[in-house]
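Novice:
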Amino acid sequence: MPALQRFSPRGIDRGDLPPNVAAPTDFDPGSAGSPQDLVDLWVKRLIQRPIDADKKQVLVEAMGDGTDANSVRKVVQLIVSMPEYQLC
Numbered sequence: 003m004p005a006l007q008r009f010s011p012r013g014i015d016r017g018d019l020p021p022n023v024a025a026p027t028d029f030d031p032g033s034a035g036s037p038q039d040l041v042d043l044w045v046k047r048l049i050q051r052p053i054d055a056d057k058k059q060v061l062v063e064a065m066g067d068g069t070d071a072n073s074v075r076k077v078v079q080l081i082v083s084m085p086e087y088q089l090c
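Position 77 of the sequence shown, counting from 1, maps to 79 under the numbering used here, and the rest follow consecutively.
(1) Excluding five sequence neighbours on each side, which residues of the same chain lie with their C-beta closer than 8 Å to the C-beta of V77?
(2) Using 10 angstroms around the beta-carbon of D67, count the other beta-carbons present and answer buried if the total reaches 16, otherwise exposed.
(3) Taking just the CA atoms, how far does V82 sit from Q88?
(4) Would you decide whether P52 is buried or exposed? Buried here means 16 or more other CB atoms lie within 10 Å of its CB.
(5) What is the DSSP secondary structure of D42, reduced to helix, strand or coil?
(6) Considering only the alpha carbon of each residue, which of R47, D70, D54 and L48 lies closest to S36?
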């Protein structure tokens, strides 16, 4: 099977990649702020309604002290696994 050519959402050529290799992404977790601010930002983006304070605290604790892209990815994965997200 020949290599596949991948494009980013913006149409930028990512070059030839062999099958089953993820292309680099342009993931931007948002403006750096406190973990609480980033959790609020992503809950607002993905669920678009308030969630319980105890659930929000769990997300903040899951993020820890990091506000880097990997910490935000982890929180986004947790948000999309919540029943509130599934009902959006």
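By construction, the Cβ of each residue, glycine as well, lies at the ideal position given by its N, Cα and C atoms.
Values in this document were obtained by computation on a predicted structure and should not be read as measured data.
Specialist: Judging by the given coordinates:
(1) Walking along the sequence shown from the start, residue 77 turns up at place 75. Counting only residues of its own chain and dropping the five nearest sequence neighbours on each side, V77 has a CB closer than 8 Å to the CB of L40, V41, W44, L61, A64 and M65.
(2) Taking the first residue of the sequence shown as position 1, residue 67 is located at position 65. Burial call: exposed.
(3) Taking the sequence shown and counting its residues from 1, the one referred to as residue 88 is at position 86. Taking the sequence shown and counting its residues from 1, the one referred to as residue 82 is at position 80. Q88 and V82: Cα-Cα distance of roughly 7 Å.
(4) Along the sequence shown, read from residue 1 onward, the residue named residue 52 stands at position 50. Exposed, because fewer than 16 other Cβ atoms sit within 10 Å of the Cβ of P52.
(5) Along the sequence shown, one-based indexing puts residue 42 at 40. Reduced to three states, the DSSP call for D42 is helix.
(6) For the purposes of this step, residue 36 is identified with residue 34 of the sequence shown, where counting begins at 1. If we check each option's Cα against that of S36, D70 comes out closest.
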